[in-house]
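Residue numbers (UniProt numbering): 1 to 299.
Set out below in structure tokens:
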């Protein structure tokens, strides 16, 4: 995990496992009972943390106060879940990975515009992690985490099990921590480790070229990218190897309440060249599913 994180441009930090009662549960999807020290030195270090993100935001604030605002940091550490009575039972220690990014991805120079971090950049890091681990996850819009932006946060599910979240720190929470617009993610490493495949099969790279086709769809504005992917995959086109969304448009020449979404679909036969007739048949099958399931109109 460290090599993947550092390959994504993140720098490792180590923060305190002790925090305040408020911060202990602040970025926790499933908060548990607090595990408090009997004789803490201060209230700032009085309970065991249940998340890593709050400590990372303290680190972001420390750096921003010293004019270091372009940050990309991560931490691997333990969080402490207490389901029982903390006076009678020890907490469960959960291995956790978290990162925080703020500021600019790329600074302005004579040929490049300044590029700030955003939700998609943060989600891209998470996607790269799971792609490297050969695991498939689902992202679900998350509006119940008070310290996170309700429109820019997603819960992450692995085999139907909640494994973490990614998104923007809520502006009020960011103000409380004295940090600028910041994006964070937190993942349960114990669940991820249990899901890892013991063996990885290597497949010979095919010598036959891939074929791409574009399709533009007119859809109700409420239709999600996830719904479109599910519809395309339900067509069960064996030679479909990749689906990429490359354009979303709503405005002039598009009816109110509608939007246009354009996709690039890639097909490949590992054993032979695909003919135009075969690709046309695949596209017809996918188009029918999109029309029947989502009421899409092909533009």
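A virtual CB, placed ideally from N, CA and C, is assigned to each residue, including glycine.
Alpha-carbon spacing of residue i relative to residue j, whole angstroms
{"i": "residue 201", "j": "residue 10", "result": "29 Å"}
{"i": "residue 22", "j": "residue 295", "result": "47 Å"}
{"i": "residue 213", "j": "residue 266", "result": "7 Å"}
{"i": "residue 189", "j": "residue 115", "result": "30 Å"}
{"i": "residue 170", "j": "residue 264", "result": "34 Å"}
{"i": "residue 254", "j": "residue 286", "result": "23 Å"}
{"i": "residue 65", "j": "residue 139", "result": "34 Å"}
{"i": "residue 239", "j": "residue 86", "result": "55 Å"}
{"i": "residue 25", "j": "residue 219", "result": "40 Å"}
{"i": "residue 143", "j": "residue 84", "result": "27 Å"}
{"i": "residue 215", "j": "residue 235", "result": "15 Å"}
{"i": "residue 117", "j": "residue 210", "result": "33 Å"}
{"i": "residue 160", "j": "residue 62", "result": "37 Å"}
{"i": "residue 271", "j": "residue 207", "result": "8 Å"}
{"i": "residue 221", "j": "residue 250", "result": "8 Å"}
{"i": "residue 89", "j": "residue 6", "result": "37 Å"}
{"i": "residue 244", "j": "residue 12", "result": "32 Å"}
{"i": "residue 18", "j": "residue 38", "result": "13 Å"}
{"i": "residue 2", "j": "residue 252", "result": "47 Å"}
{"i": "residue 298", "j": "residue 259", "result": "12 Å"}
{"i": "residue 229", "j": "residue 130", "result": "18 Å"}
{"i": "residue 269", "j": "residue 233", "result": "17 Å"}
{"i": "residue 147", "j": "residue 257", "result": "31 Å"}
{"i": "residue 71", "j": "residue 288", "result": "46 Å"}
Status (buried if at least 16 other CB within 10 Å, exposed otherwise) for residue i
{"i": "residue 68", "result": "exposed"}
{"i": "residue 30", "result": "exposed"}
{"i": "residue 43", "result": "exposed"}
{"i": "residue 103", "result": "buried"}
{"i": "residue 126", "result": "buried"}
{"i": "residue 107", "result": "exposed"}
{"i": "residue 198", "result": "exposed"}
{"i": "residue 91", "result": "buried"}
{"i": "residue 41", "result": "exposed"}
{"i": "residue 14", "result": "exposed"}
{"i": "residue 99", "result": "buried"}
{"i": "residue 35", "result": "buried"}
{"i": "residue 154", "result": "buried"}
{"i": "residue 174", "result": "buried"}
Beta-carbon proximity list for residue i, same chain, < 6 Å, skipping 5 on both sides
{"i": "residue 309", "result": "Nothing can be reported for residue 309, as the shown portion of the chain is limited to 1 through 299."}
{"i": "residue 152", "result": "119, 167 and 168"}
{"i": "residue 205", "result": "none"}
{"i": "residue 290", "result": "231 and 296"}
{"i": "residue 273", "result": "208"}
{"i": "residue 217", "result": "261 and 296"}
{"i": "residue 192", "result": "none"}
7 Å Cβ cutoff met for residue i and residue j
{"i": "residue 128", "j": "residue 231", "result": "no"}
{"i": "residue 172", "j": "residue 149", "result": "no"}
{"i": "residue 179", "j": "residue 60", "result": "yes"}
{"i": "residue 4", "j": "residue 113", "result": "no"}
{"i": "residue 73", "j": "residue 97", "result": "no"}
{"i": "residue 242", "j": "residue 262", "result": "no"}
{"i": "residue 195", "j": "residue 135", "result": "yes"}
{"i": "residue 177", "j": "residue 48", "result": "no"}
Residue i Cβ short of 6 Å to the ligand FMN heavy atom set
{"i": "residue 160", "result": "Because no ligand of any kind appears in the structure shown, any question about the ligand FMN cannot be addressed here."}
Contacting residues, own chain, Cβ-Cβ under 7 Å from residue i (five flanking each side not counted)
{"i": "residue 16", "result": "45 and 55"}
{"i": "residue 157", "result": "137, 138, 140 and 163"}
{"i": "residue 94", "result": "78, 79, 81, 188 and 190"}
{"i": "residue 50", "result": "24, 25, 28, 31, 32, 79, 80 and 81"}
{"i": "residue 225", "result": "245"}
Proximal residues to residue i (C-beta, below 8 Å), its chain only, five neighbours per side dropped
{"i": "residue 121", "result": "101, 105 and 183"}
{"i": "residue 110", "result": "none"}
{"i": "residue 292", "result": "none"}
{"i": "residue 279", "result": "211, 213 and 267"}
{"i": "residue 237", "result": "267, 282, 285 and 286"}
Should the segment 177-186 be regarded as contacting the segment 154-165, the criterion being three or more beta carbon pairs within less than 8 Å? yes
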